[in-house]
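Start counting the sequence shown at 42; every next residue gets the next number (this note's numbering).
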Amino acid sequence: MIDNLFELSRQFLRNYNRPYKRYFLHQYPLENRFSIIVGPRGTGKTTAIIQHLLSKYDDDFSTRKALYVPVDHFMVAGHNLYEIAEEFHNLGGECICFDEIHKWVNWSEEIKSIYDSFPKLRIIASGSSAIAIQKGSHDLSRRAVVYRMTGLSFREYIDLVLDINSEPLSLESILEHHEKSAANIVESVEPAGAKILSLFKDYLRFGYFPYFQEFKDESIYHITLEQSIHTTIESDLLAVYSELSGRSIQKLKKLLTVISESVPFTPDLKRLKKLVEIGDERTLKNYLKYLEDGGTIIALPKSGSGLRGIGKPEKIYLNNTNQIYAISDSGKENIGNMRETFFAGMLGGIHKISVPKRGDFFVDGSYTFEIGGRNKGFEQIKGIPNSYLAIDDIEMGIGKKIPLWLFGFLY
Numbered sequence: 042m043i044d045n046l047f048e049l050s051r052q053f054l055r056n057y058n059r060p061y062k063r064y065f066l067h068q069y070p071l072e073n074r075f076s077i078i079v080g081p082r083g084t085g086k087t088t089a090i091i092q093h094l095l096s097k098y099d100d101d102f103s104t105r106k107a108l109y110v111p112v113d114h115f116m117v118a119g120h121n122l123y124e125i126a127e128e129f130h131n132l133g134g135e136c137i138c139f140d141e142i143h144k145w146v147n148w149s150e151e152i153k154s155i156y157d158s159f160p161k162l163r164i165i166a167s168g169s170s171a172i173a174i175q176k177g178s179h180d181l182s183r184r185a186v187v188y189r190m191t192g193l194s195f196r197e198y199i200d201l202v203l204d205i206n207s208e209p210l211s212l213e214s215i216l217e218h219h220e221k222s223a224a225n226i227v228e229s230v231e232p233a234g235a236k237i238l239s240l241f242k243d244y245l246r247f248g249y250f251p252y253f254q255e256f257k258d259e260s261i262y263h264i265t266l267e268q269s270i271h272t273t274i275e276s277d278l279l280a281v282y283s284e285l286s287g288r289s290i291q292k293l294k295k296l297l298t299v300i301s302e303s304v305p306f307t308p309d310l311k312r313l314k315k316l317v318e319i320g321d322e323r324t325l326k327n328y329l330k331y332l333e334d335g336g337t338i339i340a341l342p343k344s345g346s347g348l349r350g351i352g353k354p355e356k357i358y359l360n361n362t363n364q365i366y367a368i369s370d371s372g373k374e375n376i377g378n379m380r381e382t383f384f385a386g387m388l389g390g391i392h393k394i395s396v397p398k399r400g401d402f403f404v405d406g407s408y409t410f411e412i413g414g415r416n417k418g419f420e421q422i423k424g425i426p427n428s429y430l431a432i433d434d435i436e437m438g439i440g441k442k443i444p445l446w447l448f449g450f451l452y
């Protein structure tokens, strides 16, 4: 058994290794005894795991110190994870990786046994569902460190297509030094004959998921992305929630359709229940949570809503601008929605973000942002402390007017 799995592991290490290493691996070296990577389908979790393994073992594809196990592969079926880990450990193995772990029945029980039985064995697991990890945790919360992976930032997209190396910026750095930072970045892309605003428009359409490079035709990329969204709902969620039926899946897809047709969507839960034919508010909130966990939407709470607002989003966006082009005809025509979706996506994974009474976004309990085009003024946020404009269609800003694209350099 183990020899066949070593050969399978070598094949994956060769086929899925990529030269560009994302910020995720620099930020999270995955050195813990047990690490779990969660994130939407297609964000590059498999590639990150493989790059990590090769970096730890001198790019040796044939190493027997590490084993990559795609748990949904037919060669793995018929075995149990504990037996695989035991044999690997007994042969001197040091690091075992289980990819797409949420698709394995009773995965958490087996991983817990592996963790407790082999204290010198390092474990890395990945899953497309954060809720699946939490739901099946079986006391893994004190054992595992969970890392969240998102799609490419605008900075990473630029590095990838222009083959350059840039550094991420903190939010505080952007707010205080955006004029200098923007000037340096604009200058850095010019030797490649590129313009920052042109790159930004391309990124909004097709630069979020790393696999965009596999397609010469942008429309095929969008078709693939739409199919991936269907797979997330029809397969990944079903793998996690056995109580979901075919009818439930249809309601989830209908709910996403309703949201995509009117993004940014301000939900009226009573009206939404009728549109999607969901009987009670609790089920509707669960469905919204499933869609958010699957990486299809971003649900933002109202600022200062407290406990009463838990589970009730104030505003809903599609997860990223590429999804807008893939599934939302009305969203493509709404440039305001495109701008807000980009901002929410870039900040939402690393900062606390909510919807204030005035302005578009309230970040980290301190900063208010209004999003708009080059002619946007401060009227809507006048008098609010620590308030800023994030402005589209400008290369460089001034004072509290900051180029929108620069927020794509946060990671």
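Ideal placement from N, C-alpha and C gives every residue a C-beta, glycine not left out.
Name the one or two DSSP bridge partners that residue i has.
{"i": "LEU430", "result": "GLU411 and LYS442"}
{"i": "ALA340", "result": "ILE357"}
{"i": "VAL304", "result": "According to DSSP, VAL304 bridges with nothing at all."}
{"i": "SER395", "result": "PHE403"}
{"i": "ASP140", "result": "PRO111"}
On the DSSP letters alone, give me the boundaries of the beta strand (DSSP E) that residue i sits inside.
{"i": "TYR280", "result": "Sequence check: residue 280 is Ala here, not Tyr. Per DSSP, ALA280 belongs to no beta strand (DSSP E); it is in the alpha helix (DSSP H), 278-281."}
Cα-Cα, which of the options is closest to residue i?
{"i": "SER154", "options": "ALA126, HIS143 and GLU322", "result": "ALA126"}
{"i": "ILE270", "options": "ASP405, ASN360, HIS143 and ILE237", "result": "ASN360"}
{"i": "ARG55", "options": "SER286, THR87, ALA340 and GLY80", "result": "THR87"}
{"i": "SER407", "options": "ALA340, TYR331, PHE419 and SER428", "result": "SER428"}
{"i": "ALA107", "options": "ASP433, GLY413, PHE53 and THR273", "result": "PHE53"}
{"i": "GLY192", "options": "ASP434, ILE137, PHE383 and SER303", "result": "PHE383"}
{"i": "TYR64", "options": "ASP277, ILE339, GLU259 and GLY85", "result": "GLY85"}
{"i": "LEU470", "options": "ASP157, SER276, ASN45 and PRO308", "result": "Lying outside 42 to 452, the shown extent of the chain, residue 470 is not represented and no answer is given."}
{"i": "GLY449", "options": "ASP277, LEU329, ILE432 and GLY440", "result": "ILE432"}
{"i": "HIS130", "options": "PHE159, PHE247, ARG183 and ALA367", "result": "PHE159"}
{"i": "LEU201", "options": "GLY248, ILE215 and MET190", "result": "GLY248"}
{"i": "SER50", "options": "LYS257, PRO232 and ILE137", "result": "ILE137"}
{"i": "ALA280", "options": "VAL186, GLY287, LYS144 and VAL110", "result": "LYS144"}
{"i": "GLU220", "options": "ALA367, GLU151, LEU332 and MET437", "result": "MET437"}
{"i": "TYR109", "options": "GLY80, ASN58, ARG82 and VAL146", "result": "ASN58"}
{"i": "LEU297", "options": "LYS423, TYR358, ILE264 and SER260", "result": "TYR358"}
{"i": "LEU451", "options": "GLY390, LYS356 and ARG380", "result": "GLY390"}
{"i": "THR409", "options": "LYS441, MET387 and ASP44", "result": "LYS441"}
{"i": "MET190", "options": "ARG380, TYR244, THR324 and HIS67", "result": "HIS67"}
{"i": "ASP140", "options": "ARG82, PRO60 and ARG184", "result": "ARG82"}
{"i": "TYR61", "options": "ILE91, MET387 and SER149", "result": "ILE91"}
{"i": "GLU135", "options": "ILE142, VAL146, ASN147 and TYR156", "result": "TYR156"}
{"i": "PHE102", "options": "THR362, PHE47 and TYR69", "result": "PHE47"}
Start and end of the alpha helix (DSSP H) containing residue i?
{"i": "PHE384", "result": "376-389"}
{"i": "GLN52", "result": "43-57"}
{"i": "THR362", "result": "362-368"}
{"i": "ASP321", "result": "That residue, ASP321, is in no alpha helix (DSSP H); it is neither H nor E in DSSP."}
{"i": "PHE241", "result": "237-247"}
{"i": "SER527", "result": "For the chain, the structure presents residues 42 to 452; residue 527 sits outside this window and is missing."}
{"i": "TYR156", "result": "148-158"}
Does any residue of chain B bring its CB to less than 9 Å from the CB of residue i?
{"i": "GLY390", "result": "No chain B is part of this structure, which consists of one protein chain only."}
- Query: Going along the chain, which unbroken runs of the beta strand (DSSP E) with 3 or more residues stay wholly within the stretch 162-228?
  - Reply: 163-168 and 186-189
- With a cut-off of 8 Å, do at least 3 Cβ pairs link the stretch 105-124 to the stretch 216-228? no
- Indicate whether the contact test is met: 3 or more Cβ pairs, each with one atom in the stretch 240-260 and one in the stretch 103-115, closer than 8 Å. no
- Message: Across the stretch 382-401 and the stretch 197-207, are there enough close Cβ pairs to call them in contact, namely three or more that are closer than 8 Å?
- Response: no
- Message: For a minimum of 4 consecutive residues, which ranges assigned as the alpha helix (DSSP H) are wholly contained in the stretch 63-138?
- Response: 64-68, 86-97 and 122-131
- Task: Flag this pair as touching only if the stretch 91-109 and the stretch 201-218 have three or more C-beta atom pairs under 8 Å; answer yes or no.
- Result: no
- Are the stretch 311-330 and the stretch 283-293 touching, with three or more C-beta to C-beta distances below 8 Å? yes
- Item | Inter-stretch contact at 8 Å, needing at least 3 Cβ pairs: the stretch 148-167 / the stretch 65-84 | yes
- Query: Touch check for the stretch 237-247 and the stretch 334-341: three-plus C-beta pairs under 8 Å?
  - Reply: no
- Using 8 Å as the Cβ pair cut-off and three pairs as the minimum, do the stretch 257-274 and the stretch 215-223 touch? no
- Query: How do the stretch 375-389 and the stretch 297-306 stand: do at least 3 beta-carbon pairs fall below 8 Å, yes or no?
  - Reply: yes
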